[in-house]
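Okay, so here's the structure we're looking at.
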Amino acid sequence: MKIDIIGDIHGCYTELVALTKKLGYEWINGMPIHPRGRKLGFVGDLTDRGPQSLQTIETVFSLVKNGLAHYVPGNHCNKLYRFFLGRNVQITHGLETTVAEYVALPLSEQNLMKKKFIWLYEHAPLYARLDNNRLVIAHAGIRQDYIGKYNQKVKTFVLYGDITGETNPDGTPLRRDWAKYYNGDAWVVYGHTPVRKPRILNRTANIDTGCVFGGTLTALRYPEIETVSVPSTLPYIPEKFKEFN
Ligand SMILES: [Mn+2]
């Protein structure tokens with residue numbers, strides 16, 4: 001299979017359009033379609049912080065519904081899902097921008113949007129195993145020994161990464177560098193931790209290049225293992241990017 005997997009969008013719809021065009025997709029009826037039938041993949045975190053979260057949901061929903069894309073949820077998707085279910089979630093960490101877009105819609109459109117996102121989320125696997133298990137798409141990545149398992153530990157890992165329960169001095173959760181020790185045969189394509197450049201290591205690829213923090217929006221072409229990026233239209237916030245040793 002040939003697929004172009006896109007990193008965390010976080011409402012950066014303008015950049016999503018630009019990136020898909022750069023990848024050779026043509027926009028037809030609000031969807032990017034590849035003339036030679038390539039598919040799209042999404043690592044999750046479609047919404048929050050950026051300007052056009054709802055438009056991003058619309059597009060990914062249409063693609064998945066039409067069998068043109070694979071989507072896995074990110075931690076922001078999980079929180080938005082719980083918001084739509086009416087759970088008592090904190091409207092913080094970027095969710096406030098998505099909620100502001102949502103409440104500005106007429107009630108009938110709110111209901112439609114909610115239904116689409118709930119459908120998208122509930123039809124998504126925790127992580128996607130594709131190309132005869134040679135490719136895994138997981139929001140925050142996945143440990144080799146978790147591939148094929150679907151328990152609560154695996155869910156926490158794919159949504160939040162290899163967290164320890166400890167926090168960094170700035171209050172953010174400490175995340176272990178699982179990719180450094182990954183030794184599997186399957187490619188693991190993921191996002192979640194913004195990096196200045198795509199980080200390809202041991203058949204893992206972090207393609208969250210922090211578009212919503214003024215970096216770039218990146219796609220990984222599979223099986224070619226080539227990255228394609230477009231610049232962000234948003235201001236650059238250097239402290240949001242993780243440096244690895
Ligand atoms: Mn993210």
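Each residue of the sequence shown is one higher than the one before, starting from 1 at the first, in full-length UniProt numbering.
Think of the CB as a built atom: it goes at the ideal place given N, C-alpha and C, for glycine as much as any other residue.
Between the Cα of residue i and those of the options, spot the shortest distance and give me the residue it belongs to.
i, options, result
"Pro238", "Ser232, Phe213, Glu224, Thr218", "Phe213"
"Asn151", "Gly11, Pro125, Pro169", "Pro125"
"Lys22", "Phe241, Lys240, Ser229", "Ser229"
"Leu159", "His76, Thr47, Ala18, Ile57", "His76"
"Asn78", "Tyr102, Thr47, Ala69, His70", "Thr47"
"Tyr236", "Cys211, Tyr146, Thr227, Ile91", "Cys211"
"Gly30", "Val17, Pro169, Phe42, Arg36", "Val17"
"residue 275", "Glu109, Asn132, Arg203, Ile5", "Limits of the chain in this structure are 1 at one end and 245 at the other, which puts residue 275 out of reach."
"Glu243", "Thr233, Asp162, Pro194", "Pro194"
"Gly86", "Pro223, Asn111, Thr14, Gly161", "Asn111"
"Cys12", "Arg199, Gly171, Phe241, Thr98", "Thr98"
"Asp162", "Lys149, Ala179, Gly171", "Ala179"
"Leu80", "Arg143, Arg199, Phe117, Arg129", "Phe117"
"Asn245", "Leu201, Gln144, Pro223", "Leu201"
"Asp131", "Pro169, Pro223, Phe241", "Pro223"
"Arg143", "Thr59, Gly184, Thr14, Ile57", "Gly184"
"His10", "Pro35, Arg36, Ile91, Gln52", "Gln52"
With H, G and I counted as helix, E and B as strand and the rest as coil, what does DSSP make of residue i?
i, result
"Met31", "strand"
"Ala100", "helix"
"His70", "strand"
"Ser62", "helix"
"Val230", "strand"
"Asp4", "strand"
"Thr204", "strand"
"Thr193", "coil"
"Pro235", "coil"
"Thr209", "coil"
"Arg82", "helix"
"Thr92", "coil"
Using a Cβ-Cβ cutoff of less than 6 angstroms, which residues in the same chain neighbour residue i once the five nearest sequence positions on both sides are dropped?
i, result
"Glu26", "Ile33"
"Phe83", "Val89"
"Lys114", "Phe84"
"Gly74", "Gly44, Asp45, His139"
"Gly94", "Asp48, Arg49"
"Val154", "Tyr146"
"Glu166", "Leu174"
"Thr218", "Gly7, Pro198, Ile207, Thr209, Thr227, Ser229"
"Arg129", "Val136"
So residue i and residue j are supposed to be a Cβ contact under 8 angstroms. How far apart are they, rounded?
i, j, result
"Val72", "Ile137", "5 angstroms"
"Leu120", "Phe157", "Actually they do not touch by this definition, with Cβ atoms about 21 angstroms apart."
"Gly141", "Tyr190", "4 angstroms"
"Asp208", "Asp8", "4 angstroms"
"Leu40", "Leu68", "7 angstroms"
"Val188", "Thr204", "5 angstroms"
"Leu54", "Tyr102", "7 angstroms"
"Pro198", "Leu234", "Not quite, the Cβ-Cβ distance comes to about 19 angstroms (not below 8 angstroms), so this is no contact."
Short of 7 angstroms in beta carbon distance, which residues of its chain neighbour residue i, apart from the five on each side in sequence? Order them along the chain.
i, result
"Arg38", "Lys2, Ile3, Asp4"
"Ala104", "none"
"Thr216", "Thr209, Ser229, Val230, Pro231, Ser232"
Beta-carbon within less than 8 angstroms of residue i's beta-carbon, same chain only, minus the 5 sequence neighbours each way: which residues are those?
i, result
"His123", "Val64"
| Ranges of the beta strand (DSSP E) found wholly within the segment 6-54, counting only runs of at least 3 | 26-28, 31-33, 39-42
| request: Please go through the segment 101-140 and give each complete beta strand (DSSP E) segment of 3 or more residues, from N-terminal end onward. | output: 128-130, 135-137
| Continuous beta strand (DSSP E) assignments of at least 3 residues falling wholly in the segment 138-192 | 163-167, 173-175, 187-190
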